[in-house]
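Each remark here refers to the structure printed beneath this line.
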Amino acid sequence: MARKKTDRIIEGHDLSFHYTVYDSEGNPGERRTALDGVDIDVQQGQFVAILGHNGSGKSTLARHLNALLVPDGGTLYVDGYDTLDAGNVWKIRQSTGMVFQNPDNQIIASVVEEDVGFGLENQGVPTADIWKRVEEALRAVGMWKMRGRSPNRLSGGQKQRVAIAGVIAMHPKCIVLDEATAMLDPGGRKEVIRTVRELNRTENVTVILITHYMEEAVFADRVIVMDHGKVVMGGTPREIFSQVEKLKSFRLDVPQATLLAWKLKQRGLPIKDTVLTIDELIEALNHGAAENDLTQPVSR
Amino acid sequence: MLKEITIGQYYPGTSILHRLDPRVKLLGTLVFIICLFAFGTTAAYIVAGVALACMITISQVPLSFILRGLRMVLILMLVTALFNLFLTPGTAIVQIWKIRITVEGVKMAVHMVFRLSFLVLGSSIMTLTTTPNQLTDGLEKGLGWMKKIHVPVHEIAMMMSIALRFIPILTDEANRIMSAQEARGADFHSGGIVKRAKALIPLLVPLFVSAFRRANDLALAMEARGYHGGVGRTRMKPLVYRRRDFAAYLVIACFAVLMFLAWRFIHLELPFLP
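Below is the structure:
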């Protein structure tokens, strides 16, 4: 039950986790390593993106952050609570909320506002406070007008925003989005990313975004790359995406703008820094063009 | 084909019946049904019919909408009526060869038709004026006392509301799987009943698999949001009795007493009526 005093919301050291694979008769077979000596440190208020291809262990790590899974080896403190101590489970789940991949499978109630209130009901919050916090949360994600709707009538992006509202109504210090944008269309993805960035900026909520869309990781303060259950790279988006070849070896892409800039640079165009967004690319090309007087300025 | 499945056919409205506490409506329906079985005379059924007519008027649900509920039991009603008509022994009115219709048979048939339609109408008034969520809430709270005898009331209510939430999702999914299989040559619409039932098996297997996967995801999501059973839970929309609910209980009691009095003291002798 004891809480460690720390300013780091997540503090994991040498985490390991194994899945047991069962054959068709239900006998335990080989043990597969999902996490292998992972060290992770996240400061309160940071926006961290975790990248990795399928099977890299990033979702397993996400489930540890909410104590849905506990490590086989190593220690993990979430908000100062040891996840291995079963008595801490409910405190950890209150301080770290999770948004999952499939929007349909995580909405429990048949009315938007009731779903947002679900977590609060579980915590035993008094009725009047539930309503207040549900309103705050729905306004924060821009879904207050839809509070009386059935979740079945919402778009994917709206459903994920409701799921996020359900999490932030519980006033967590940290939100983990476990591939929450994977099943959405581009519009829905933008909606969700805009919402979490806003929360991160205004409410100082720590955001851990697990994704395989590189464009989303660009906005993060820090990017962690995982492969085969290990953390293989870490740093700012600029540092990470400058290593195009190394990322490719982990079967990951870089954002399109970055890739284009990198390829142009290889062909000898004078682009100095790593480019992350389309705007930066235009800037760089304009700049290069002006300096070398090669072409007319490029416009969008 | 699957579009027709509607459960909890709620008709939105603001009538007093819509606003009543679901527990009152549940108990009212229960009392109504018990009275129909306990007091089966013409006089009592007239009382029940008048009460039903009043409720339908108060509910502001269009009559055509309510009568739609009767359509579903039409066949059942016909079969019961016919069986009673031909198979009740007694004094014969008409006799052709071995088939005979008796006075008692006619009485029985009329009685059955009225009892069945009153049952259906009475309960559809409840489902039409109560949302599925209110209904499960009402059941959970109204049957709360059963926790003492170890009936998992909260869990049952939670399962019911989750089932209601997932019906449209699984219906969509079933339609998708059907389309996918029809695209590859499956045939759901022709052939006899056995053939069509067989055609549904390849639909049910993937549907079950996906339902289990969804259940797994949902359980994880509920756990992540701190769900740990009904203990220590508060309600966002708690059920609170208001004055109108007590008045409604009084009305229900009056109805039961009236039914009893009509059954006990008024004996109408009508031809062909029970």
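Chains as they are written, first to last, in the numbering used here: chain L, 1 to 300; chain A, 1001 to 1274.
Ideal placement from N, C-alpha and C gives every residue a C-beta, glycine not left out.
Bear in mind the structure is a predicted one, so any value in this text is a computation, not a measurement.
Compare the C-beta of residue 1010 of chain A with all C-beta atoms of chain L and state if any pair is closer than 8 Å. The count along the second sequence starts at 1 and reaches residue 1010 of chain A at position 10. False, the Cβ-Cβ gap to chain L never drops below 8 Å.
Counting only beta-carbon separations shorter than 8 Å, does residue 1338 of chain A have a partner in chain L? Since the first residue shown for chain A is 1001 and the last is 1274, residue 1338 of chain A is missing from the structure and cannot be characterised.
Whether or not the stretch 1137–1149 of chain A and the stretch 1107–1124 of chain A are in contact is what I'm after, with contact meaning three or more pairs of Cβ atoms, one per stretch, closer than 8 Å; do they touch? no
Alpha-carbon spacing of residue 1217 of chain A relative to residue 58 of chain L, whole angstroms: To locate residue 1217 of chain A, count along the second sequence from 1; it is residue 217. To locate residue 58 of chain L, count along the first sequence from 1; it is residue 58. Their Cα atoms are separated by approximately 17 Å.
Alpha carbon to alpha carbon, how far is residue 299 of chain L from residue 277 of chain L? What you label residue 299 of chain L is simply residue 299 of the first sequence in a count that begins at 1. What you label residue 277 of chain L is simply residue 277 of the first sequence in a count that begins at 1. With a pLDDT of 49 at residue 299 of chain L, under the threshold of 50, the modelled position of that residue is not reliable, and the figure given next carries that caveat. Spanning the two alpha carbons is a distance of roughly 15 Å.
Residue 188 of chain L versus residue 160 of chain L - alpha carbon distance: Numbered from 1 along the first sequence, position 188 holds the residue referred to as residue 188 of chain L. Numbered from 1 along the first sequence, position 160 holds the residue referred to as residue 160 of chain L. Rounded to whole angstroms, residue 188 of chain L to residue 160 of chain L spans 8 Å at the Cα level.
Does DSSP put residue 1170 of chain A in a helix, a strand or coil? The residue you call residue 1170 of chain A lines up with position 170 of the second sequence. Looking at residue 1170 of chain A - three-state DSSP - the assignment turns out to be helix.
Presumed contact (8 Å Cβ cut-off) between residue 16 of chain L and residue 71 of chain L, rounded CB distance: Mapped onto the first sequence, residue 16 of chain L falls at position 16. Mapped onto the first sequence, residue 71 of chain L falls at position 71. Contact flag correct, Cβ pair sits at about 6 Å.
Where residue 81 of chain L falls, given that 16 or more other Cβ within 10 Å makes a residue buried: Counting from 1 along the first sequence, the entry for residue 81 of chain L is found at position 81. Burial call: buried.
Check the Cβ of residue 1217 of chain A against every Cβ in chain L and list those closer than 9 Å, keeping chain order. As a working note, residue 1217 of chain A is residue 217 in the second sequence. At a C-beta separation below 9 Å, residue 1217 of chain A has these neighbours in chain L: 100, 101, 102, 104, 105 and 106.
Proximity of residue 20 of chain L and residue 229 of chain L at Cβ, strictly below 8 Å: Taking the first sequence and counting its residues from 1, one reaches residue 20 of chain L at position 20. Taking the first sequence and counting its residues from 1, one reaches residue 229 of chain L at position 229. Going by C-beta atoms, residue 20 of chain L is not nearer than 8 Å to residue 229 of chain L.
Integer-rounded CB distance, given that residue 223 of chain L should sit under 8 Å from residue 235 of chain L: Within the first sequence, the letter at position 235 stands for residue 235 of chain L. Within the first sequence, the letter at position 223 stands for residue 223 of chain L. Residue 235 of chain L to residue 223 of chain L, Cβ: 6 Å. Contact.
Note down, one range per segment and in chain order, each beta strand (DSSP E) of at least 3 residues found wholly within the stretch 1176–1209 of chain A. none
Leaving out five residues on either side along the sequence, give the residues of the same chain with a beta carbon under 7 Å from the beta carbon of residue 129 of chain L. In the first sequence, the residue the question calls residue 129 of chain L occupies position 129. Contacts found: none.
Does the structure place the stretch 1065–1082 of chain A close enough to the stretch 1023–1034 of chain A that three or more beta carbon pairs sit under 8 Å? no
Going by Cα to Cα distance, which pick from A:1061, A:1037 and A:1044 is closest to residue 1015 of chain A? In the second sequence, residue 1015 of chain A corresponds to position 15, counting from 1. Checking every option, the nearest Cα to that of residue 1015 of chain A belongs to A:1061.
Would residue 158 of chain L be called buried (16 or more neighbouring beta carbons within 10 Å of its own) or exposed? Counting from 1 along the first sequence, the entry for residue 158 of chain L is found at position 158. So residue 158 of chain L ends up on the buried side.
Chain-ordered neighbours of residue 125 of chain L on chain A, where CB pairs are closer than 8 Å: Working through the first sequence from its first residue, we reach residue 125 of chain L at position 125. 1234, listed in chain order.
Of all the CB atoms in chain L, is at least one closer than 8 Å to the CB of residue 1133 of chain A? Looking up residue 1133 of chain A in the second sequence gives position 133. At a cut-off of 8 Å, the C-beta of residue 1133 of chain A has a neighbouring C-beta in chain L.
Straight-line gap, residue 282 of chain L to residue 261 of chain L (C-alpha atoms, nearest Å): As a first step, residue 282 of chain L is located in the first sequence; it is residue number 282 there, counting from the start. As a first step, residue 261 of chain L is located in the first sequence; it is residue number 261 there, counting from the start. Distance between the alpha carbons of residue 282 of chain L and residue 261 of chain L is about 10 Å.
Just the C-alpha distance for residue 1001 of chain A and residue 140 of chain L, rounded to the nearest angstrom, thanks. Position 1 of the second sequence holds residue 1001 of chain A. Position 140 of the first sequence holds residue 140 of chain L. In this prediction, residue 1001 of chain A has a pLDDT of 39, which is less than 50 and means its spatial position is unreliable; what the coordinates show is noted afterwards. Per the coordinates, the alpha-carbon of residue 1001 of chain A lies some 41 Å from the alpha-carbon of residue 140 of chain L.
Contact list for the stretch 62–95 of chain L against chain A, Cβ threshold 7 Å: 66, 68, 90, 93 and 94
Within-8 Å CB hit, residue 6 of chain L to chain A: By one-based count along the first sequence, residue 6 of chain L stands at place 6. At a cut-off of 8 Å between C-beta atoms, residue 6 of chain L does not count as an interface residue with respect to chain A.
Under the three-state DSSP convention, the category residue 961 of chain A falls into: Any property of residue 961 of chain A remains undetermined from this structure, which presents chain A solely from 1001 to 1274.
Would you say residue 1133 of chain A touches the ligand ZN, meaning its beta carbon is less than 7 Å from a heavy atom? With respect to the ligand ZN, the structure offers nothing, as it holds no ligand at all.
Apply the 10 Å Cβ neighbour rule to residue 1045 of chain A and answer buried if 16 or more other Cβ atoms are within range, or exposed otherwise. Within the second sequence, residue 1045 of chain A is the residue found at index 45, counting from 1. Under the 10 Å beta carbon count, residue 1045 of chain A is surrounded by 16 or more other beta carbons and is classified as buried.
Exposed or buried, what is residue 1054 of chain A when buried is set at 16 or more other beta-carbons lying within 10 Å of its beta-carbon? Here the question's residue 1054 of chain A lines up with position 54 in the second sequence. Per the 10 Å Cβ criterion, exposed.
Starting from the C-beta of residue 1194 of chain A, find all residues in its chain whose C-beta is less than 7 Å away, skip the five residues before and the five after it, and write them out in chain order. Locating residue 1194 of chain A in the second sequence gives position 194, where the first residue counts as 1. If we look at residue 1194 of chain A and ignore the five residues flanking it on each side, it has no Cβ neighbours.
Could you have a look at residue 1252 of chain A and say whether DSSP puts it in helix, strand or coil? Locating residue 1252 of chain A in the second sequence gives position 252, where the first residue counts as 1. Residue 1252 of chain A: helix per DSSP, three-state reduction.
Interfacial residues, the stretch 1193–1227 of chain A to chain L, with Cβ spacing under 7 Å: 1214, 1217, 1218, 1220, 1221, 1222, 1223, 1224, 1225, 1226 and 1227
Do residue 119 of chain L and residue 169 of chain L count as a contact pair if the criterion is CB distance below 8 Å? For the purposes of this step, residue 169 of chain L is taken as residue 169 along the first sequence, with counting starting at 1. For the purposes of this step, residue 119 of chain L is taken as residue 119 along the first sequence, with counting starting at 1. Yes, these two residues count as a Cβ contact at 8 Å.
Euclidean distance between Cα positions of residue 1006 of chain A and residue 1177 of chain A: Taking the first residue of the second sequence as 1, we reach residue 1006 of chain A at position 6. Taking the first residue of the second sequence as 1, we reach residue 1177 of chain A at position 177. Bear in mind that a pLDDT of 45 at residue 1006 of chain A, under 50, signals an unreliable position, so the number given afterwards is only what the model happens to contain. Computed Cα separation, rounded: 20 Å.
Starting from residue 174 of chain L, follow its DSSP beta bridges and name the residues at the other end. Translated into the one-based positions of the first sequence, residue 174 of chain L becomes position 174. Looking at the DSSP assignment, residue 174 of chain L forms a beta bridge with L:96 and L:206.
Taking C-alpha atoms, which residue in A:1115, A:1234, A:1106 and A:1229 lies nearest to residue 301 of chain L? The displayed coordinates of chain L run from 1 to 300. Any statement about residue 301 of chain L would go beyond what the structure contains.
Cβ shell of residue 182 of chain L (< 6 Å), same chain only, five flanking positions each side left out: Taking the first residue of the first sequence as position 1, residue 182 of chain L is located at position 182. The answer, listed in chain order, is 101.
Within 8 Å of any Cβ in chain A, is that where the Cβ of residue 179 of chain L sits? Here residue 179 of chain L is taken as the residue at index 179 of the first sequence, counted from 1. Not one chain A Cβ lies under 8 Å of residue 179 of chain L.
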